Amino acid sequence: AKDRGKNNYQYYNPKLNNYSTRRMKLEVELRKALNKDQLTIHYQPQVELSTKKIIAVEALLRWNSPKYGSVSPAEFIPIAEETGLIVPIGRWVLQKVSEQQKQWKKAGISSLRVAVNVSVRQMQENCFAQDVKQVIKEHDLNPVDLELEITESIMQNIENSTIVLNELKKLGVTLSIDDFGKGYSSLSYLRHLPIDTIKIDKSFVDDICDTSNNGSIAKAIIDMGHNLGFTIVAEGIEQEEQAEFLKGNSCEYGQGYFFSKPLPAEEVFLLLEKGLDR
Ligand code: C2E
Ligand code: CA
Ligand code: CA
Ligand code: CA
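In terms of full-length UniProt numbering, the sequence shown has 531 at position 71, counting the first letter as 1, and numbering is strictly consecutive.
Here it is in structure tokens:
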């Protein structure tokens with residue numbers, strides 16, 4: 461076979477298992493992806509649970525690689541983080557999202573908040589807050605309509621994160637903690653940061669249908685979060701029962717396949733015009 465050479469290489473290097481060779485190949489491809497237009501963004505609606513109105517969308521990266529097909533962000537984001545590629549990719553996402561938001565505004569959709577995922581590595585670049593400021597100005601956005609989702613891992617470098625988050629808050633953007641509960645950080649600690657919103661991790665939403673848990677953790681996060689002044693969003697809602705439970709326990713917003721999958725911008729636009737028929 462023509463791949464003989466490569467296979468031999470693999471064979472003589474036991475450390476290069478299938479996992480790491482795929483990873484290296486993906487890294488090579490990912491370096492080209494940005495310049496070759498292989499990345500796109502889908503948007504998943506966020507819904508007010510009491511009215512089913514779409515109040516925001518979350519921007520989620522999609523990578524269509526000519527070699528590997530559609531690669532999940534769960535697989536390529538960690539590679540992008542490790543290699544530092546997340547910095548240019550993240551900057552591109554911010555740019556694209558702002559352009560999209562400007563277009564939606566022109567088309568008559570006023571004040572739709574767009575949430576963007578930000579990696580710790582990206583946030584800790586010196587120029588991050590400056591880039592955000594620039595992109596808001598360039599597209600004439602209302603800063604509150606830009607939401608930045610960060611994870612609890614910012615706690616690892618709390619001094620620097622506090623400085624950057626305060627800078628971002630001064631710009632007027634909305635700040636949220638993604639996957640809350642997964643990183644075991646305490647809610648009371650977050651109180652010292654300029655955070656607006658807590659996103660309850662999907663695993664606790666899954667628990668709602670689990671008879672041994674009955675959503676007790678989700679409920680506890682909602683109650684404590686409210687006491688500390690946070691708005692609560694639940695993610696990964698797949699069933700009506702979960703949406704009802706969360707609504708009944710005063711969770712303001714929800715997101716998940718039950719309402720809508722992440723969609724291309726054009727499809728979100730149609731959904732925004734006609735609303736969610738549920
Ligand atoms: P995340 O930020 O926690 O995003 C939620 C993930 O759950 C998304 O997966 C979304 O498609 C999926 N999801 C939404 N509703 C449901 C549901 O009801 N059921 C199930 N099973 N899944 C649901 P996706 O798009 O594959 O993204 C995976 C992760 O990749 C994201 O998790 C985020 O951490 C990261 N990511 C995606 N786009 C970006 C980006 O632009 N920048 C950065 N830094 N990370 C990103
Ligand atoms: Ca997110
Ligand atoms: Ca999340
Ligand atoms: Ca997640």
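Glycine is no exception: its CB is placed at the ideal position from the N, C-alpha and C atoms. Since the model is a prediction, treat every value here as computed from it, not as a measurement.
Within 7 Å of the C-beta of Glu612 there is not a single heavy atom belonging to ligand 3. Excluding residues up to 5 positions away in sequence, Asp661 lie with their Cβ nearer than 6 Å to the Cβ of Lys642 in the same chain. Leaving aside the five residues that flank Leu625 on each side, the residues in its chain whose CB is nearer than 7 Å to its CB run, in chain order, Leu635, Leu653 and Pro654.
Cβ contact annotation for Glu541 (same chain, cutoff 6 Å, sequence separation greater than five): Ser579 and Arg581, in chain order. The beta carbon of Val557 is closer than 6 Å to those of Ala519, Val574 and Val576 in its chain, skipping five residues each way along the sequence.
Exclusion of Gly544 from the 7 Å shell around ligand 1 follows from its C-beta lying no nearer than that to any non-hydrogen atom of the ligand. Relative to ligand 2, the nearest heavy atom lies less than 7 Å away from the CB of Asp638. DSSP places Thr622 inside the alpha helix (DSSP H), whose first and last residues are Ile618 to Leu631. Closest in alpha carbon position to Ile658, among Leu608, Tyr479, Tyr717 and Pro724, is Leu608.
Under the three-pair Cβ rule at 8 Å, the stretch 484-503 counts as touching the stretch 531-551. In terms of side-chain proximity, the C-beta atom of Lys659 is found nearer than 7 Å to a non-hydrogen atom of ligand 3. If you look at Leu608, you'll find it in the beta strand (DSSP E) that goes Leu606 to Thr611. In the structure shown, Lys597 falls within a helical segment according to DSSP collapsed to helix, strand and coil. Per the coordinates, the alpha-carbon of Met684 lies some 10 Å from the alpha-carbon of Ala678. Around the C-beta of Val633, 16 or more other C-beta atoms lie within 10 Å, and the residue is accordingly described as buried.
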